[in-house]
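Visitor:
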Amino acid sequence: MNPVQAVLFIGVVLGLGAYLVAVLDRVFAGAPGGLRSGLMWPIRRTAFLLVQRRSETERPDAEAWALAPALLAALAAVGLTAVPFTPSLAVADVSAGIVLFGAAMIIVMVAVFLQGWSPNSIFPLIAAYRFAAMALSFGIPFSLVVLTTAIPAESLSVGAVVASQEGLWNVVRQPLGLPVYLVTGAAVAFWGPFRIPEGTDLAGGTALEASGPTLAVWRIARAGVLVTLSVMGAAIFLGGHLGPVLPGWAWTSVKSVALLTLFVWSGHAFARMRVERFVWFGWVILLPIALVDVFASGIVAL
Amino acid sequence: MIEVILLISAAIFGVGVYGALSQQSFVMIMMGLELMINATVLAIVAFWWGTTGGDPRGQLLVVVVLAVMAIEAAMGFALVTAVYRVRKADITEKLKRLRN
Amino acid sequence: MSALQTFGIVIFGVGAVVSGWLVFRTDSMVRAAYWLMASFVAVGAILVTLDSQFLGLILILMMAGEMTIMAIFMVMFMMNPAGLNPMVMVHQHRTAIAAGVGSFLLLATVALVADFPADPVPLGADPTAELGFELLGRSMLVFESAGVALLAVMIGAVAVAGKWGRFGDADAGSVEPELEPEEGGS
Numbered sequence: 001m002n003p004v005q006a007v008l009f010i011g012v013v014l015g016l017g018a019y020l021v022a023v024l025d026r027v028f029a030g031a032p033g034g035l036r037s038g039l040m041w042p043i044r045r046t047a048f049l050l051v052q053r054r055s056e057t058e059r060p061d062a063e064a065w066a067l068a069p070a071l072l073a074a075l076a077a078v079g080l081t082a083v084p085f086t087p088s089l090a091v092a093d094v095s096a097g098i099v100l101f102g103a104a105m106i107i108v109m110v111a112v113f114l115q116g117w118s119p120n121s122i123f124p125l126i127a128a129y130r131f132a133a134m135a136l137s138f139g140i141p142f143s144l145v146v147l148t149t150a151i152p153a154e155s156l157s158v159g160a161v162v163a164s165q166e167g168l169w170n171v172v173r174q175p176l177g178l179p180v181y182l183v184t185g186a187a188v189a190f191w192g193p194f195r196i197p198e199g200t201d202l203a204g205g206t207a208l209e210a211s212g213p214t215l216a217v218w219r220i221a222r223a224g225v226l227v228t229l230s231v232m233g234a235a236i237f238l239g240g241h242l243g244p245v246l247p248g249w250a251w252t253s254v255k256s257v258a259l260l261t262l263f264v265w266s267g268h269a270f271a272r273m274r275v276e277r278f279v280w281f282g283w284v285i286l287l288p289i290a291l292v293d294v295f296a297s298g299i300v301a302l
Numbered sequence: 303m304i305e306v307i308l309l310i311s312a313a314i315f316g317v318g319v320y321g322a323l324s325q326q327s328f329v330m331i332m333m334g335l336e337l338m339i340n341a342t343v344l345a346i347v348a349f350w351w352g353t354t355g356g357d358p359r360g361q362l363l364v365v366v367v368l369a370v371m372a373i374e375a376a377m378g379f380a381l382v383t384a385v386y387r388v389r390k391a392d393i394t395e396k397l398k399r400l401r402n
Numbered sequence: 403m404s405a406l407q408t409f410g411i412v413i414f415g416v417g418a419v420v421s422g423w424l425v426f427r428t429d430s431m432v433r434a435a436y437w438l439m440a441s442f443v444a445v446g447a448i449l450v451t452l453d454s455q456f457l458g459l460i461l462i463l464m465m466a467g468e469m470t471i472m473a474i475f476m477v478m479f480m481m482n483p484a485g486l487n488p489m490v491m492v493h494q495h496r497t498a499i500a501a502g503v504g505s506f507l508l509l510a511t512v513a514l515v516a517d518f519p520a521d522p523v524p525l526g527a528d529p530t531a532e533l534g535f536e537l538l539g540r541s542m543l544v545f546e547s548a549g550v551a552l553l554a555v556m557i558g559a560v561a562v563a564g565k566w567g568r569f570g571d572a573d574a575g576s577v578e579p580e581l582e583p584e585e586g587g588s
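Residue numbers (the working numbering), protein chains in the order written: chain X, 1 to 302; chain F, 303 to 402; chain Y, 403 to 588.
#1: Using beta-carbon positions only, say whether W41 (chain X) and A22 (chain X) come within less than 8 Å of one another.
#2: Output needed for S421 (chain Y): all residues of its chain with C-beta closer than 7 Å, excluding positions within five of it in sequence on either side, in chain order.
#3: Excluding the 5 residues preceding and the 5 following L144 (chain X) in the sequence, name in chain order all residues of the same chain whose CB lies nearer than 6 Å to its CB.
#4: Does DSSP classify G192 (chain X) as helix, strand or coil?
#5: Consult DSSP for Q361 (chain F) and reduce its assignment to one of helix, strand or coil.
#6: Does L381 (chain F) get closer than 8 Å to chain Y when you measure Cβ to Cβ?
#7: Going by alpha carbons, who is nearest to V225 (chain X) out of X:A111, X:V172 and X:A160?
#8: How far does the alpha helix (DSSP H) with V155 (chain X) in it reach, from first residue to last?
#9: What's the call for M542 (chain Y), buried or exposed, on a 16-neighbour Cβ count within 10 Å?
#10: Kindly provide the ranges of any beta strand (DSSP E) runs that are 3 or more residues long and lie completely inside the stretch 21-48 of chain X, ordered along the chain.
#11: Can you pull the chain F residues whose beta carbon is under 7 Å from the beta carbon of A418 (chain Y), in chain order?
#12: Along chain Y, which residues have their Cβ under 9 Å away from the Cβ of I331 (chain F)?
#13: Give the residues of chain Y in contact with T354 (chain F), contact being defined as C-beta atoms less than 7 Å apart.
#14: Mapping the DSSP letters down to three states, classify Q174 (chain X) as helix, strand or coil.
#15: Find the residues of chain X that neighbour V560 (chain Y), judging by a C-beta separation of less than 7 Å, and give them in chain order.
#16: By Cβ distance, which residues of its chain are closer than 8 Å to V367 (chain F), with the 5 residues on each side in sequence left out?
#17: How long is the line joining the alpha carbons of M593 (chain Y) and W283 (chain X), rounded to whole angstroms?
#18: Cβ atoms of M330 (chain F) and T408 (chain Y): under 8 Å apart, would you say?
#19: Listing by chain order, which chain Y residues have their CB less than 9 Å from the CB of L368 (chain F)?
#20: Taking the C-alpha atoms as reference points, what is the distance between L72 (chain X) and E166 (chain X)?
#21: CB V180 (chain X) to CB L286 (chain X), shorter than 8 Å?
#22: In the DSSP assignment, find the alpha helix (DSSP H) that holds P213 (chain X) and state where it starts and stops.
#23: Counting only beta-carbon separations shorter than 8 Å, does I285 (chain X) have a partner in chain Y?
#24: In terms of DSSP beta bridges, what is P84 (chain X) paired with?
#25: By the 8 Å beta-carbon criterion, what residues does the stretch 421-447 of chain Y contribute toward chain X?
#26: Quick one: does G415 (chain Y) have its CB under 8 Å from some CB of chain F?
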């Protein structure tokens, strides 16, 4: 795939995914007007934000503030490049693809910290610290369950991980993997019960001072991270493009949309967690489960 | 090509030396040290790539250096916390002993 | 080595040096930490170009976490973390510049004068897999020692940073530093 095609492809996938996230979110929220108004809502909202006048704060770190949403969008795109959508269609199925994805998702912490730090405003700043505490708690279990899928494949390439699930999907072979991935994944995108840095108790947190086009980019980028997590989750746990009858890209889409729906639904099914409870949850519950997952997968592989 | 990479590495190392020697703040000194380690990693990989014929022990050395970097960071943060408890500041001036 | 690779190495190399330099030129502690991260990301990109994808990406992954922690520590401990006022906190400035330039010149001379054997990574090799076999085969002892050392450091760091020490409270008798510059500083 040449670079221009690759950029277009990733952009289209992220754009469609972000649109779907917004529509699903609207529908699950039970907004008036049902599906019909839901389908129009992301377009209306984006159009409004694009013409909205930007609000300003006193002495912000302007460069970092402009950079943070762009960085978040770029990280979603980078994570997506490693995934093969069909056996032959991947932007860059590199030999350490899973590490690439892990690195991109860890740097989300940097984007959120900058977004909270740079407006020079108190609630976003608290939100940034909360996300740093969260990220240190979910980072290790997240990386562990993602890397564990490489054990049966004997390779860090995402293509090889998908190919290794020909007979048996990782969701069955590593039963602890997908649940931990879903929980920590929602935390990576600070979505659902883990929307701690954007909680209403902080009046919107990291997004409080953002407005206009930057807020639009921030929202789209955050949805894009969720899309990347869904596509990657479908690839490493649900067999990606493998499946009978339908072509590969259709299976990838069906599985990714299923995971995406689950992520978005969790935002309306569970109450937001407090940050200190999340830190406890991450270190005391998720980390041991992830370690058991690693050791069990290792024993099975031997 | 290896000369170019080594020059880049030397420049990063020089900046790191300047930072580690000139800064008063503990954490800024650590940043200088980290830059030096950064340069070291680059130089090791350059040598591994250009002169060893792909011997994996070159990469192993980088893994060890990364562990050293993590150790340096952990001990550095512990020391800066300890110093702050005593001095209420994280600067190194007039700091002569670790035991108060 | 293709022209694109050479171009990438030069661009990322200049980026790594410049962002490393900016670490000590900015007043904002968060910016300093993330400039340092930018320097590491650039070096990681060079490593990826030099056939060691795994090490490059691991370097970036490690640094993202470490630099955020570093930024938080700086904000906790520095007097002017946000860089809203210009600030110079340096000592022995001339010596430091001389030492920096000197070490650069020394290393640069070595890089340019020395005659390195040319024995590049063979085409078609898989360095990631080779590193894995090396780590868990011949050099397992080295790898495990690094792990044990990290565990020891975790315990040691908690002991050093703890408030309760052998000689009583660590912050007993501590005083705020004077706002006047101390003698001998810069």
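For each residue, glycine too, the CB sits at the ideal point set by N, CA and C.
All of these numbers come straight from a predicted model, not from anything done at the bench.
Guide: With the given structure in hand:
#1: yes
#2: W437, A440, S441 and A444
#3: A290 and V294
#4: helix
#5: helix
#6: yes
#7: X:A111
#8: Going by the sequence as given, residue 155 (chain X) is Ser instead of Val. Run containing S155 (chain X): none; DSSP gives neither H nor E here.
#9: exposed
#10: none
#11: I310 and I314
#12: Under the 9 Å cutoff, chain Y gives no residues; its nearest Cβ is about 11 Å from I331 (chain F).
#13: D521
#14: coil
#15: Going along chain X, no residue has its Cβ under 7 Å from V560 (chain Y), so there is no contact; the nearest lies around 15 Å.
#16: I339, T342, V343 and I346
#17: Residue 593 (chain Y) is absent from the structure shown; chain Y starts at 403 and stops at 588.
#18: no
#19: L457, I460, L461, M464 and A548
#20: 33 Å
#21: yes
#22: G212 to F237
#23: no
#24: X:A90
#25: S430, V432, R433, Y436 and M439
#26: yes
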